[in-house]
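First comes the structure, then the notes that go with it.
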Amino acid sequence: MTAHRRRTHAYRRTTNAGDGRNRLSRRHLILGAGAVTAGSVLAPYGLPGTPHARAATGDQYDAMRSTWVDLLIGGDVDASDPAFRSVIDRIDDEVASTIELIDRSADRPGVFVDMPFIEDGAYEGSSRIPLTLSRLQRMATAMRTPGSRFEDDADVLADVLAGMDTTNRLIFHAGRDEFGNWYHWEISGPNALMNTCALVYEHVPAEALQRYIDTVDHFIPDPHYQYIDERRKLSTGSNRMWLCEAVAIRGVVGRDEERITRARDGLTDVFVYVDGGDGLYRDGSYLFHAGIPYTGSYGVSFVDRFANQLVLYAGSPWDIGSAEREFAFNTVDLMLAPVVYDNVLMDSIRGRSISRSAGDHGGGHHVSEIVLRLAQAADDETAARWRAMVKGWIERDTYDDPLADASIQRLALFTELLADEAVQAAPEPVNHTLFAQMARAVHRREGWAYAIAMCSARVGRYEVSNGENLKGWHTGEGMTYLYNADNGQFMDGFWPTVDPNRLPGITVDTRPLAENVGVRTRPDSRWVGGSVLGDEFAAVGMELNAMESSLRAKKSWFCLDDRVVALGADITGGGGHIAEAVADAHVNGGSKADDNFGSDNRLLVKKGSPNVTREAYFAFDLSAVPSEVVKATLHVYAQVQDSGGSDVDIDAHGVLDEWDESTLSWNTKPATGPRLDSAHVDEPRRWRVMDVTSHVLERLAAGDEQVSLALKQDPPDGAGLSVWIASREYSTYGYDPYLYLTLAEPTETVETVVENRNLHADGENALTVNGERQPTTLGWSATFEGAHWAHLEGVGGYLFPGGARLHALREERTGSWRDVSEVGSPDPITRRYLTMWVDHGADPDAASYAYVLLPGASAARTAELAAELAAEEGLEIVANTPDLQVVRVPRLGVTAANFWRAGTARKITVDQPCSIMISERGDTLSVAVSDPTQLQDSLSIELRHAGYRRWTGDDTITVDTTHPSIKLRVDTSGADGRTHDVTLHRT
Numbered sequence: 001m002t003a004h005r006r007r008t009h010a011y012r013r014t015t016n017a018g019d020g021r022n023r024l025s026r027r028h029l030i031l032g033a034g035a036v037t038a039g040s041v042l043a044p045y046g047l048p049g050t051p052h053a054r055a056a057t058g059d060q061y062d063a064m065r066s067t068w069v070d071l072l073i074g075g076d077v078d079a080s081d082p083a084f085r086s087v088i089d090r091i092d093d094e095v096a097s098t099i100e101l102i103d104r105s106a107d108r109p110g111v112f113v114d115m116p117f118i119e120d121g122a123y124e125g126s127s128r129i130p131l132t133l134s135r136l137q138r139m140a141t142a143m144r145t146p147g148s149r150f151e152d153d154a155d156v157l158a159d160v161l162a163g164m165d166t167t168n169r170l171i172f173h174a175g176r177d178e179f180g181n182w183y184h185w186e187i188s189g190p191n192a193l194m195n196t197c198a199l200v201y202e203h204v205p206a207e208a209l210q211r212y213i214d215t216v217d218h219f220i221p222d223p224h225y226q227y228i229d230e231r232r233k234l235s236t237g238s239n240r241m242w243l244c245e246a247v248a249i250r251g252v253v254g255r256d257e258e259r260i261t262r263a264r265d266g267l268t269d270v271f272v273y274v275d276g277g278d279g280l281y282r283d284g285s286y287l288f289h290a291g292i293p294y295t296g297s298y299g300v301s302f303v304d305r306f307a308n309q310l311v312l313y314a315g316s317p318w319d320i321g322s323a324e325r326e327f328a329f330n331t332v333d334l335m336l337a338p339v340v341y342d343n344v345l346m347d348s349i350r351g352r353s354i355s356r357s358a359g360d361h362g363g364g365h366h367v368s369e370i371v372l373r374l375a376q377a378a379d380d381e382t383a384a385r386w387r388a389m390v391k392g393w394i395e396r397d398t399y400d401d402p403l404a405d406a407s408i409q410r411l412a413l414f415t416e417l418l419a420d421e422a423v424q425a426a427p428e429p430v431n432h433t434l435f436a437q438m439a440r441a442v443h444r445r446e447g448w449a450y451a452i453a454m455c456s457a458r459v460g461r462y463e464v465s466n467g468e469n470l471k472g473w474h475t476g477e478g479m480t481y482l483y484n485a486d487n488g489q490f491m492d493g494f495w496p497t498v499d500p501n502r503l504p505g506i507t508v509d510t511r512p513l514a515e516n517v518g519v520r521t522r523p524d525s526r527w528v529g530g531s532v533l534g535d536e537f538a539a540v541g542m543e544l545n546a547m548e549s550s551l552r553a554k555k556s557w558f559c560l561d562d563r564v565v566a567l568g569a570d571i572t573g574g575g576g577h578i579a580e581a582v583a584d585a586h587v588n589g590g591s592k593a594d595d596n597f598g599s600d601n602r603l604l605v606k607k608g609s610p611n612v613t614r615e616a617y618f619a620f621d622l623s624a625v626p627s628e629v630v631k632a633t634l635h636v637y638a639q640v641q642d643s644g645g646s647d648v649d650i651d652a653h654g655v656l657d658e659w660d661e662s663t664l665s666w667n668t669k670p671a672t673g674p675r676l677d678s679a680h681v682d683e684p685r686r687w688r689v690m691d692v693t694s695h696v697l698e699r700l701a702a703g704d705e706q707v708s709l710a711l712k713q714d715p716p717d718g719a720g721l722s723v724w725i726a727s728r729e730y731s732t733y734g735y736d737p738y739l740y741l742t743l744a745e746p747t748e749t750v751e752t753v754v755e756n757r758n759l760h761a762d763g764e765n766a767l768t769v770n771g772e773r774q775p776t777t778l779g780w781s782a783t784f785e786g787a788h789w790a791h792l793e794g795v796g797g798y799l800f801p802g803g804a805r806l807h808a809l810r811e812e813r814t815g816s817w818r819d820v821s822e823v824g825s826p827d828p829i830t831r832r833y834l835t836m837w838v839d840h841g842a843d844p845d846a847a848s849y850a851y852v853l854l855p856g857a858s859a860a861r862t863a864e865l866a867a868e869l870a871a872e873e874g875l876e877i878v879a880n881t882p883d884l885q886v887v888r889v890p891r892l893g894v895t896a897a898n899f900w901r902a903g904t905a906r907k908i909t910v911d912q913p914c915s916i917m918i919s920e921r922g923d924t925l926s927v928a929v930s931d932p933t934q935l936q937d938s939l940s941i942e943l944r945h946a947g948y949r950r951w952t953g954d955d956t957i958t959v960d961t962t963h964p965s966i967k968l969r970v971d972t973s974g975a976d977g978r979t980h981d982v983t984l985h986r987t
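Numbering (UniProt numbering), first residue to last: 1 to 987.
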C-alpha cells in the first residue's frame, strides 16, 4: 500500500514577474511575490558586488536591520488571505501556549516554568539557553507580524525584554565558562539572542543591549574560530556561516562596522572547494563531523545561511562578490538537486537527522524554499530551470503537503510558483551521480531512483550526537534506498519501526549491538566508489569490513537502464562476540605514583622519565560468552600525541592480579606477564589491534570470568612517545576499548537483505514468488529453496540468477521516535514490513549472492525477465568472485566490472584494482574508469577490441596504441576517485 496525506494547495493566481527577477530589492529576495515594498537594488547574480572598503552610513545599519527583520517575520502579506491567515493563526497559537509557560515569580530560576536554568541549586543542560531564547524570538516575531493578534502587544514586549534580561543575568553572559554543548553557547544561543534584539531593537534599553552584545563578543570573539577554551580551532562550513551570521547581526544592532566586516570576511574562505576534512568537494560531496556525509543537514544549512546573508548584505558596503555568489549558486546543481527526489531529501546524506520526525520531506521542503530564494537572484535561464525543477518536486510530493506547516516566507514562495502558469513542472532527470568523496551514489530512471550509502577509510559509518541516531549502525554499510511512487516510504515511521539489523541492501552480522557502538568509526576499506558511463549507467562497489565484527565481503551494484544488479562475494567471518571494557585506567609514575585516573576519558601510555611513564589497564567481563573462544584480539582507538615524534609501538601484556578502577595507581598496579603482541601507533586516530589469545584462553581455562590486560611501551632506546587511547568514559563517541572473540560455534548468522519494505499502517502488498502468490497474514514467514524470481506489489520485481535460498517475512513492528533519539516522542508507532533476505549461515567462508532489482516492473514482466535470465539472455554475470565482479548486458552493449585486484575479465585486463565500464555501440567504444581506492598514481588497461582509429576524452587518459588491442594509461594521481572517460571511433 502507498501512504498518502491529503494535499490542499491553496494559492492565489498572480501575474508572472517577467524579467524583473534580475532587479530585486532585498525585500523581494526575502518574499518573492509576497513582497509589497521596494528597497535598495541587489546587484544581479554574476556581477561584482560593492567593494568592502566603502564606509557604512548611519542609515545603513537601520536598513540592514530592517531587512533582517523582514526576513525573520516574512514581510508584509495580506493577513486576510485564508492561506496566510492560517499561518499567522498557527504562530499565534504557539505563542499563546508559550506565554502560558512564563515563570512570573520574583526570583525565577529561568524564563519558563518547564525549562528552568537552575534546579536544586545546579545548572541544567546548556540546551535550555537556545530553547529559551528561541521561544522569546517567536514571541517577538508574532509581535512584529502584521495581522497577528499579538501585533504591537505591550505585554508581549515586556515579557520578551524581561526574558532576555533573565537569561543574560542567570546564565548567558560575558565572562561565563561554557558547559554542555558548545553549539548552544556559540551558535544557536547567540543567533536567537541577536535575532530577538533586532526584532525589538527600538525598545531594548541601551545598557541591556550592551550586555547582550558583550555576551556575543565573549562567546564569538572571532567568527573564524569556534570554541573559546583550549579547544579553539578554525571554524568550517556551516558552522562558520552560523558564527558569521550571529556576529553580523551583532554588528548591525551594535552599529559596529568592524564586527560586520569581520563577519563578512569570514565567509570568503568557506566559499572554496576542499580536498579533505569538512566542507564541499568538487564532486558535490559534503562531509562534516570528521567524514560523515551531511549534504542534507550541514550542507543545506550552509546554503541556507548564504541565502540569508546574501539578503542581509545586498546593496550594502559588504555586498557579496561575484566569485562567492557563483560558488554558492553552483551548490544547487552540484550538491542539492542530485539528492532530492519528488521533494524528498534523501536520507543517505542526512546523517543523524534521519532520527528526527520532520523526516526527508521536511528537508525537501527546506531545499525547495532555498532554491526559490536563490532563483530570485539568478540569471533568467537558471532561474527558469530551477523554478521548473522545484515546481515538479512540489507537485509530485503526494505524502507531505509542502504548504501545510509552511512559514509565511515559504508559503509566499510556493503559492506564487504554483500559480505561475508560465512555469511548466520539470520531470525528474534520468542520470547517475556518484559522490566518490562521500561514498554515496544516486541512480535515477523514469519513475524511480536508487541511492546507495557506503563507508570507507575516508568516510565514517554513521554518527550519534546529542542523543540522535542511536541505532544507525549499518546505515553506511551498503544500505540502499528505492524511491518510487510511494512518496512516504522513509518518512512514514520508517526509522522508529524498521529492524536496524535488516536494512535493505546490507550484508550484516546479525549479532545485537549496543547504542553508540562504532560511532564515527571508519573501516579499513579502501576500495569504495565506482565508475559512471556517460552520466547514465554505473558500476558501484564497496569492500565491506563490518563494524565490530570479523565479517568481510565484496559488494557491487551495477546500475543499468531498468534494473540494478547486486552481487556479493568473499563473504567471510562474522559470528564473533564483542566484550567491551568494564574498567579501564592508566597509571603514572614519579610524582603522580599515588594518583588515580580511573575516571579520565583518555588513557595514556609512554615510557620515559618517571614523571611521564604511564601504562594503561583494561578489564573485560567474559561471563556472557556463548561458546568456546578460539581467538581473542584487543582493539583500542589510539594515536600518538607527542611533539617528539609521530609513531611508536605499544605492547599488550596479560594482567595476573586483581585491581580496582577507582583505586588503581602506579604504586598499586598489578603484576603483568610477558608481551603478548604489539601494535604500531602513528598520529591519526584509528583502531589498533593486538592478538591476546593466549592470555584470554589461559584465564578462561582457569575459570575466570574477567580478563585483564595492560598496555606498555618498551622502545629500543628507552625513550618512547605519548600514546593517547580513548577510554570507556569516552563512550559518547563509541570508541570504547573492546575484545573481539572468535567463537568455535558462532550463534548469530550473516545475512544479505534483499528488501525490507515499509508497507505502512495497513499495507497488504502482494508478494509473489516463482509465480505463486504468498499469504498476506501478519507473522507469515517462509523459506524458498529455489527462488528464481519474486514480485512485491507497488515496488517491483526481483530476480535471483541460478536460484537462491530466499527467506521472506511479513510482520508488524512497533517503535517510537524515542527509540532512535533521546529527544524524540515516546508515542508508539506501528508499521508493517515485508522483508526478504539470503542467509549465509554462521561464520561463512567465501559465500556469495546475486540478485537483480527491477523497480516498477509488473509480476508478468518480472516472470518474463526471469525466463530470459534462465536462458542466458539479456544479462550475463561474467564473474562474482573475491577478485572481480563483472556483468555484461548485450542489448545495451555494456560491460561493467569492479576489479578488486589486478586481473583479466573477458576482453579487459587491468594492472591495478579499479572500476571500469565499456559501451560498444556501432562504430563507437566508450570507456569509463576510476580508482576507487584513491591511492594509485596510474592505471594501465588493455582492451582486446580492434579497428578503432580516433579518440576523444579526458586529458588524464593516454591512448598508447589501438592495434592489435587498445592500451590505455590513466593518470589517477588526483586521488579523488572520479571517473575518467575516453571514446574511441572506428572512422
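In this text, a Cβ means the ideal position worked out from N, Cα and C, and glycines have one as well. Fair warning: this is a prediction, and the values are worked out from it, not measured in the lab.
{"query": "Opposing strand residues paired with tryptophan 393 [DSSP bridges]", "result": "According to DSSP, which records beta bridges pairwise, tryptophan 393 is partnered with nothing at all."}
{"query": "Simplified DSSP assignment, three categories, for aspartate 976", "result": "coil"}
{"query": "Assigned secondary structure, isoleucine 578 (DSSP; H/G/I helix, E/B strand, else coil)", "result": "strand"}
{"query": "Own chain partners of leucine 71 with C-beta closer than 8 Å, once the 5 adjacent residues on each side are dropped", "result": "Ile30, Asn308, Val311, Leu312, Gln409"}
{"query": "Any 3 or more C-beta pairs closer than 8 Å across the region 442-457 and the region 522-542", "result": "yes"}
{"query": "The region 497-511 in contact with the region 736-752 per 3-pair CB rule at 8 Å", "result": "yes"}
{"query": "Collapsed DSSP secondary structure at histidine 653 in the structure displayed", "result": "strand"}
{"query": "Whole-angstrom C-beta distance between serine 238 and serine 301, which should lie under 8 Å", "result": "4 Å"}
{"query": "Cβ contact (3+ pairs, closer than 8 Å) linking the region 480-500 and the region 331-349", "result": "yes"}
{"query": "Sequence ranges, alpha helix (DSSP H) only - wholly within the region 688-763, length at least 4", "result": "693-701"}
{"query": "Straight-line Cα distance separating aspartate 76 from alanine 198", "result": "17 Å"}
{"query": "8 Å CB neighbourhood of phenylalanine 179 in its chain, flanking five on each side removed", "result": "Tyr123, Ser126"}
{"query": "Spatial neighbours of alanine 263 in its chain, beta-carbon cut-off 7 Å, leaving aside the 5 residues before and after", "result": "Pro223, Cys244, Val247, Ala248, Gly251"}
{"query": "Presumed contact (8 Å Cβ cut-off) between alanine 638 and arginine 688, rounded CB distance", "result": "5 Å"}
{"query": "8 Å Cβ cutoff met for alanine 616 and serine 708", "result": "no"}
{"query": "Short Cβ contact (8 Å threshold) for proline 737 with valine 582", "result": "no"}
{"query": "Nonlocal neighbours in the same chain, by C-beta distance under 8 Å from tyrosine 798, ignoring five residues either side", "result": "Val754, Glu755, Trp789, Ala790, His791, Leu792, Met836, Tyr851, Val852, Leu853, Leu854, Thr862"}
{"query": "Pair within 8 Å by beta-carbon distance, arginine 108 and threonine 166", "result": "yes"}
{"query": "Sequence ranges, beta strand (DSSP E) only - wholly within the UniProt domain \"Polysaccharide lyase family 8 C-terminal\" (876-939), length at least 3", "result": "876-880, 884-889, 894-899, 903-905, 908-910, 914-921, 924-930"}
{"query": "Closest residue to aspartate 159 among Met194, Gly147, Trp185, Val200 (Cα-Cα distance)", "result": "Val200"}
{"query": "Meets three-Cβ-pair contact criterion under 8 Å: the region 404-419 and the region 81-92", "result": "yes"}
{"query": "Proximal residues to histidine 680 (C-beta, below 6 Å), its chain only, five neighbours per side dropped", "result": "Asp649"}
{"query": "Pick from Glu698, Leu869, Ser348, Asp561 that is closest to glutamate 463, judged by C-alpha positions", "result": "Ser348"}
{"query": "Beta-carbon gap between isoleucine 571 and serine 848 smaller than 8 Å", "result": "yes"}
{"query": "Closest by C-alpha distance to serine 556, when choosing among Ala905, Ala378, His365, Leu884", "result": "Leu884"}
{"query": "Selection from Gln376, Val910, Asp960, Arg90 that minimises the alpha carbon distance to aspartate 950", "result": "Note that residue 950 is arginine in the sequence shown, not aspartate. Measuring from the Cα of arginine 950, the nearest candidate turns out to be Asp960."}
{"query": "Alanine 726 burial status per 10 Å Cβ neighbour count (16 or more: buried)", "result": "buried"}
{"query": "Neighbourhood of phenylalanine 117 by C-beta, 7 Å cutoff - its chain only, sequence neighbours within 5 removed", "result": "Pro109, Gly110, Tyr123, Glu124, Arg128, Leu170, Ile171"}
{"query": "Leucine 778 versus arginine 810 - alpha carbon distance", "result": "6 Å"}
{"query": "Contact with chain D by arginine 444, beta-carbon distance below 8 Å", "result": "Given the protein chain composition of this structure (a single chain), no chain D is represented."}
{"query": "Own chain, CB closer than 6 Å to glutamine 774, minus 5 neighbours either side, in chain order", "result": "Leu767"}
{"query": "Selected residue, minimal CA-CA separation from threonine 895, among Glu920, Gly903, Leu336", "result": "Glu920"}
{"query": "Whole-angstrom C-beta distance between valine 587 and serine 665, which should lie under 8 Å", "result": "6 Å"}
{"query": "Residue from Val270, Asp595, Asn501 whose Cα sits closest to the Cα of glutamate 477", "result": "Asn501"}
{"query": "Paired residues, beta bridge with asparagine 588 - DSSP", "result": "Arg614"}
{"query": "Beta-carbon separation (whole angstroms), valine 970 vs histidine 980, contact threshold 8 Å", "result": "5 Å"}
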